[in-house]
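Quick note on the working numbering: the sequence shown kicks off at 6 and runs consecutively. Here a beta-carbon is modelled for each residue, glycine too, at the ideal position from N, C-alpha and C. All figures in this text were calculated on a predicted structure; none of them were measured in a lab.
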Amino acid sequence: MLSLERRPAAWLVLLGGYFAVACLGFIDYLTGDYSLLIFYVLPVFVVAWHLGQVGVLHIALAAGLARTFSDYYTYAPSSFRYCNSLLDMMFLLMLGLLLVFMKNVLRHDRD
6 MLSLERRPAA
16 WLVLLGGYFA
26 VACLGFIDYL
36 TGDYSLLIFY
46 VLPVFVVAWH
56 LGQVGVLHIA
66 LAAGLARTFS
76 DYYTYAPSSF
86 RYCNSLLDMM
96 FLLMLGLLLV
106 FMKNVLRHDR
116 D
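Shown next as structure tokens:
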């Protein structure tokens, strides 16, 4: 569970993740047709490692919105851009949740 009251550094991790996603979204917009999906994985992983499932949900949704906005302003009108952005967001969400699961397994094996 995301408990930002007890962990002051959690706010910084979450805000840093949002800032990184916003910067990547702008760069994604500038590059046009090239997909920068792989670079969105870094903020998702950092937030997943430090904040867990709720943090992953926040950053994956932000990354999905950033991809949607950058695709909306760079591609020609098409209904596929929304589907592609949704699939990108689900991909990032699954990767983040997988990392949280792996971290929990490692913590359980260590204890």
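Quick one: residues in its chain with C-beta nearer than 7 Å to the C-beta of Leu29, no 5 flanking neighbours on either side, listed in chain order?
Here residue 29 refers to the residue found at position 24 when the sequence shown is read from its first residue. Excluding sequence neighbours, Leu29 sits near Leu41, Phe44, Tyr45 and Ala71.
Starting from the Cα of Leu100, find the closest Cα among Phe24, Leu35, Pro48 and Val26 and give me that residue.
Locating residue 100 in the sequence shown gives position 95, counting from the first residue. Closest option to Leu100, Cα to Cα, is Pro48.
The alpha helix (DSSP H) with Tyr39 in it runs from where to where?
Indexing the sequence shown from 1 puts residue 39 at position 34. Careful: Tyr39 lies outside any alpha helix (DSSP H) and carries neither H nor E.
Once the 5 residues before and after Phe85 are set aside, which same chain residues still bring their CB inside 8 Å of it?
Reading the sequence shown from its first residue, position 80 is the one you call residue 85. Cβ within range, chain order: n/a, list empty.
Using beta-carbon positions only, say whether Thr73 and Ser90 come within less than 7 Å of one another.
Here residue 73 refers to the residue found at position 68 of the sequence shown. Here residue 90 refers to the residue found at position 85 of the sequence shown. Result yes, Cβ atoms of Thr73 and Ser90 sit closer than 7 Å.
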